[in-house]
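Q: Protein chains in written order, with my numbering: chain A, 1 to 367; chain B, 368 to 653. Quick reminder that beta carbons are idealized off the backbone N, C-alpha and C, glycines included.
Structure, rendered in structure tokens:
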């Protein structure tokens, strides 16, 4: 079902959790709510579910306002980060809970449980209690329980955070498949940009209780609206430039002034893939020494130091790395093929620029 | 998608690495056992030995004495009234304290603990001061012919006061540890408030609740101080089992007080066994 939030705000005590958020989720989409912890993404999920009520603003489902509609009547499936399985019930008891509440006949319940057992590969687990299950199994039971009553929308709070890497990968693929099969609207919360990029049709990026950007994965990656998004989604080289003699400079690097006068400042950003490297030191204008190579699967990330000490990051395929015969300590030449202006003096581009925010090292790997 | 199931198996400990070969280990265990034997087991055994010292006949006659039977009945009635009331109150208070934020929460929490910190005799006196002839409500009660002191209502009130904390105190940590998520899950699955309470909240703490009730019951049946102050010690009318034991003992009866005491001792043993069982069960609820 389509969901719309109009100017929604929510405070916990005096702490603002969500500030004046407006988003629209079309029917049938798979949406990621992405942001660092404390950015309000889980609160938005709980507001949609009805587990929290907004201080102001409206929540609309298929055009009808549901602010006053209690959780039970919203027909949503909610998956908690901790799964919140009923510990005193078996897997079967958990899955049929919502069906019994709805007063389904026992034949209908039986058929539904069979369908879900097949869909979620729960064979042989139905008589077990939650404490007898592994993390991945609990996750699937939680999904089965949420899907059983046939919700219009599935809301998932950090669904893959608590399972190990290999199972997480399988669950992601599974989620995409289930989304295609069931044609459900699914919203899931994550702080993992790679997960959001891989799974979602569209990503809503949160920071400090506000929406920074909404867009398809490629869109937010290639056209971030501000520095926060640029830094949070993928790796970005960010430079602060100052205009001297009509040229914007940082150490030895020079860029067009973009209409700024001498003494004015500008911030730019560029992705590692925009930094083109050659082993031929006369091929490009700038020189640098390779300091460290990170292996990211089929791609490698190079950390290179310019003569001035400035560090830039580049990305290169394994084949190119081998073809150019590169290794740590080699001197290379490079050029910056494209960049984005993040902000000009007196003319900020984004609504908010979170300069203090550091992308955790485990995020951004592989992109 | 089937991951290895490593949550229920626990690796067997290496026997050679286990501590316990140290003599200090044995000394400590022996000291603890000796202490328990002298101060706990011996008196208990003595109660039974004294009770049966003249054989089963006198033992049985002591138990079927009309005043003793009346004391048994009264004790059961008091427990039957107080335990359910305190169970309901305990669940409500624990639920409110563990799962909601409200003004006065800390106050309610200390109020629940109050009976633990007040001497039962003082607790009994509180009711005398409240309902006695010269008490706060004494005159009004007299005029309206309501008997509270030296009658069942007063004894029930005193017992409720003393056994107030047991259920709530047992449930609060369990409910806190569980959080609100299971209940929220039930709500998202369409369950209303009552259904959530009956099918999720209550069953998920059932062993802890049972444990609290067992403790509450043991204390309700065994309470002496508070009940003694408000009962008036009318034989066959307001004597409970503990009061009956004292009275028989003061009459220098060689068998009867011990015979009645065996009933309370058996209650204690049954409580201990249930406690051990339920503690094991509640571990899984946390």
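1. Which residue from A:327, A:142 and A:76 puts its Cα closest to that of residue 47 of chain A?
2. Would you mind reading off the limits of the alpha helix (DSSP H) that contains residue 153 of chain A?
3. Using a C-beta to C-beta distance shorter than 8 Å, which residues of chain A count as neighbours of residue 551 of chain B?
4. Which residue wins for smallest C-alpha separation from residue 445 of chain B, given the options B:647, B:627 and B:605?
5. Closer than 7 Å, CB to CB, is residue 102 of chain A near chain B or not?
6. Please name the residue in A:112, A:250 and A:243 whose C-alpha comes closest to that of residue 262 of chain A.
7. Applying a beta-carbon distance threshold of less than 7 Å, which residues of chain A neighbour residue 554 of chain B?
8. Using a C-beta to C-beta distance shorter than 9 Å, which residues of chain B count as neighbours of residue 149 of chain A?
9. Shorter than 7 Å from the beta carbon of residue 355 of chain A to some beta carbon of chain B?
10. Going by C-alpha distance, which of A:276, A:323, A:341 and A:60 is nearest residue 304 of chain A?
11. Figure out for me which residue from B:627, B:530 and B:549 has the closest Cα to the Cα of residue 586 of chain B.
12. Taking the straight line between their C-alpha atoms, what separation do you get for residue 215 of chain A and residue 31 of chain A?
13. For residue 265 of chain A, name the three-state secondary structure that DSSP assigns.
14. Can you pull the chain A residues whose beta carbon is under 7 Å from the beta carbon of residue 567 of chain B, in chain order?
15. How about residue 93 of chain A: is its C-beta nearer than 7 Å to some C-beta of chain E?
16. Any beta-carbon of chain B closer than 7 Å to the one on residue 124 of chain A?
17. If we define contact as Cβ-Cβ less than 7 Å, is residue 97 of chain A a contact residue for chain B?
18. CB residue 414 of chain B to CB residue 632 of chain B, shorter than 7 Å?
19. What is the rounded straight-line gap between the Cα of residue 369 of chain B and the Cα of residue 211 of chain A?
20. For a contact meaning CB atoms closer than 8 Å, what does residue 548 of chain B contact in chain A?
21. Would you report the Cα separation of residue 150 of chain A and residue 98 of chain A, rounded to the nearest angstrom?
22. Taking Cβ to Cβ, would you say residue 269 of chain A is nearer than 7 Å to residue 327 of chain A?
23. State yes or no: is the beta carbon of residue 609 of chain B nearer than 7 Å to at least one beta carbon in chain A?
24. Grouping DSSP H, G and I as helix and E and B as strand, with all else coil, what is residue 531 of chain B?
25. When the Cα of residue 62 of chain A is compared with those of A:79, A:237 and A:3, which residue comes out closest?
26. Considering residue 17 of chain A, what are the terminal residues of the beta strand (DSSP E) in which it resides?
27. Distance check for residue 287 of chain A and residue 308 of chain A, CA to CA, integer angstroms please.
28. Under 8 Å Cβ-Cβ, which residues of chain A neighbour residue 472 of chain B?
29. May I ask you to list, following chain order, the residues of the segment 461-494 of chain B that have a beta carbon less than 7 Å from some beta carbon of chain A?
30. Nearest CA to the CA of residue 12 of chain A: which residue from A:222, A:53 and A:25?
31. Since residue 540 of chain B meets chain A, which of its residues come closer than 7 Å, beta carbon to beta carbon?
32. If distances are taken between C-alpha atoms only, which option among A:109, A:26, A:138 and A:128 comes closest to residue 80 of chain A?
33. Please list, in chain order, the chain A residues whose beta carbon lies closer than 8 Å to that of residue 562 of chain B.
34. Can you tell me the Cβ-Cβ gap for residue 544 of chain B and residue 567 of chain B, rounded? I've got them flagged as a contact below 8 Å.
35. Where does residue 588 of chain B sit, in a helix, a strand or coil, going by DSSP?
A: Considering the structure as presented:
1. By one-based count along the first chain, residue 47 of chain A stands at place 47. Among A:327, A:142 and A:76, the Cα nearest to that of residue 47 of chain A is on A:76.
2. To locate residue 153 of chain A, count along the first chain from 1; it is residue 153. Looking at the DSSP string, residue 153 of chain A is not in any alpha helix (DSSP H); the run it does join, the beta strand (DSSP E), is 153-157.
3. The residue given as residue 551 of chain B occupies position 184 in the second chain. Neighbours of residue 551 of chain B on chain A, chain order: 51, 71, 78, 80 and 84.
4. Within the second chain, residue 445 of chain B is the residue found at index 78, counting from 1. Checked all of B:647, B:627 and B:605; the closest Cα to residue 445 of chain B is B:605.
5. For the purposes of this step, residue 102 of chain A is taken as the residue at position 102 of the first chain. Cβ-Cβ to chain B under 7 Å: yes for residue 102 of chain A.
6. Here residue 262 of chain A refers to the residue found at position 262 of the first chain. Answer by Cα proximity: A:243.
7. Working through the second chain from its first residue, we reach residue 554 of chain B at position 187. Those within 7 Å of residue 554 of chain B in chain A are 71 and 72.
8. The sequence position of residue 149 of chain A within the first chain is 149, counting from 1. The answer, in chain order, is 556 and 557.
9. One-based indexing of the first chain puts residue 355 of chain A at position 355. Residue placement at residue 355 of chain A cannot be trusted, given a pLDDT of 32 that sits under 50; what the coordinates show is reported in the next sentence. By this cut-off, residue 355 of chain A is not an interface position.
10. Counted from its first residue, the first chain places residue 304 of chain A at position 304. Comparing Cα-Cα distances from residue 304 of chain A to each of A:276, A:323, A:341 and A:60, the minimum goes to A:276.
11. Along the second chain, one-based indexing puts residue 586 of chain B at 219. Per the Cα distances, B:530.
12. The sequence position of residue 215 of chain A within the first chain is 215, counting from 1. The sequence position of residue 31 of chain A within the first chain is 31, counting from 1. Taking the straight line joining both Cα atoms gives about 10 Å.
13. Position 265 of the first chain, counted from the first residue, corresponds to residue 265 of chain A. In the structure shown, residue 265 of chain A sits in a strand (DSSP, three-state: E or B).
14. Along the second chain, read from residue 1 onward, the residue named residue 567 of chain B stands at position 200. Here the neighbours are 86.
15. In the displayed structure, chain E is absent; the protein chains listed are A and B.
16. Within the first chain, numbered from 1, the residue matching residue 124 of chain A stands at position 124. No, residue 124 of chain A lies away from the interface with chain B (no Cβ there is under 7 Å from its Cβ).
17. Taking the first chain and counting its residues from 1, the one referred to as residue 97 of chain A is at position 97. Yes, contact with chain B.
18. Counting from one through the second chain, the residue named residue 414 of chain B turns up at place 47. Counting from one through the second chain, the residue named residue 632 of chain B turns up at place 265. In contact: residue 414 of chain B and residue 632 of chain B (Cβ atoms closer than 7 Å).
19. Looking up residue 369 of chain B in the second chain gives position 2. Looking up residue 211 of chain A in the first chain gives position 211. Bear in mind that the predicted position of residue 369 of chain B carries a pLDDT of just 42, short of 50, making it too unreliable to give a figure here.
20. As a working note, residue 548 of chain B is residue 181 in the second chain. Correct list: 80, 82 and 84.
21. The residue given as residue 150 of chain A occupies position 150 in the first chain. The residue given as residue 98 of chain A occupies position 98 in the first chain. Cα to Cα, the separation comes out at about 10 Å.
22. In the first chain, counting from the first residue as 1, residue 269 of chain A sits at position 269. In the first chain, counting from the first residue as 1, residue 327 of chain A sits at position 327. Cβ atoms of residue 269 of chain A and residue 327 of chain A: not closer than 7 Å.
23. Numbered from 1 along the second chain, position 242 holds the residue referred to as residue 609 of chain B. Chain A contact via Cβ: absent.
24. Position 164 of the second chain, counted from the first residue, corresponds to residue 531 of chain B. The answer is coil: DSSP assigns residue 531 of chain B none of H, G, I, E or B.
25. Against the first chain, residue 62 of chain A aligns to sequence position 62. Taking only the C-alpha atoms, the option nearest residue 62 of chain A is A:3.
26. Counted from its first residue, the first chain places residue 17 of chain A at position 17. Start and end: 15-25.
27. As a working note, residue 308 of chain A is residue 308 in the first chain. As a working note, residue 287 of chain A is residue 287 in the first chain. Residue 308 of chain A and residue 287 of chain A: Cα-Cα distance of roughly 10 Å.
28. Counting from one through the second chain, the residue named residue 472 of chain B turns up at place 105. None at all; the shortest Cβ gap to chain A is about 15 Å.
29. none
30. Position 12 of the first chain holds residue 12 of chain A. When only C-alpha atoms are compared, the closest one is A:53.
31. By 1-based counting over the second chain, the position of residue 540 of chain B is 173. By Cβ distance, chain A contributes nothing, its closest Cβ being about 16 Å from residue 540 of chain B, past 7 Å.
32. Working through the first chain from its first residue, we reach residue 80 of chain A at position 80. Answer by Cα proximity: A:138.
33. Here the question's residue 562 of chain B lines up with position 195 in the second chain. Result: 101.
34. In the second chain, residue 544 of chain B corresponds to position 177, counting from 1. In the second chain, residue 567 of chain B corresponds to position 200, counting from 1. Between residue 567 of chain B and residue 544 of chain B the Cβ distance is about 15 Å, and since that is not below 8 Å, they are no contact.
35. Indexing the second chain from 1 puts residue 588 of chain B at position 221. Note: residue 588 of chain B maps to helix in three-state DSSP.
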